[in-house]
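Residue numbers (the numbering used here): 92 to 204.
Positions of the beta carbon are idealized from the N, C-alpha and C atoms, including for glycine.
Right, dumping it as structure tokens:
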């Protein structure tokens, strides 16, 4: 693993932590939505709607807008592509997903971790 990748992984870990703080206003809603199986993590680094509802859509849109901005900043700062950032973020998010919460598999189906 080269130094750029190591630095990016370290920054993504920090970003995921910071995004938890950034989303503190959403923390209960996001946590509850994941616990209830309304939303889940995807391999592209973004949140997805598992159960179609206006509340889930609104939450997903809000969280994903914030994530996108963070990812764009990381890509610019590290002179890498958004695809590289979102791929690494997706791997981290899927790895950190709690058992019983939903993730989207490679077939595009929502499964419980």
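With respect to the 8 Å criterion, residue 130 and residue 136 are not classified as neighbours on the basis of their beta carbons.
In this chain, residue 138 is not harboured by any alpha helix (DSSP H); it is covered by the beta strand (DSSP E) spanning 138-140.
Classified as buried, residue 180 has 16 or more neighbouring CB atoms from the shown chains inside 10 Å of its CB.
Under DSSP, residue 195 shares a beta bridge with 201. Beta-bridge analysis with DSSP links residue 151 to no other residue.
Under the 10 Å beta carbon count, residue 158 is surrounded by 16 or more other beta carbons and is classified as buried.
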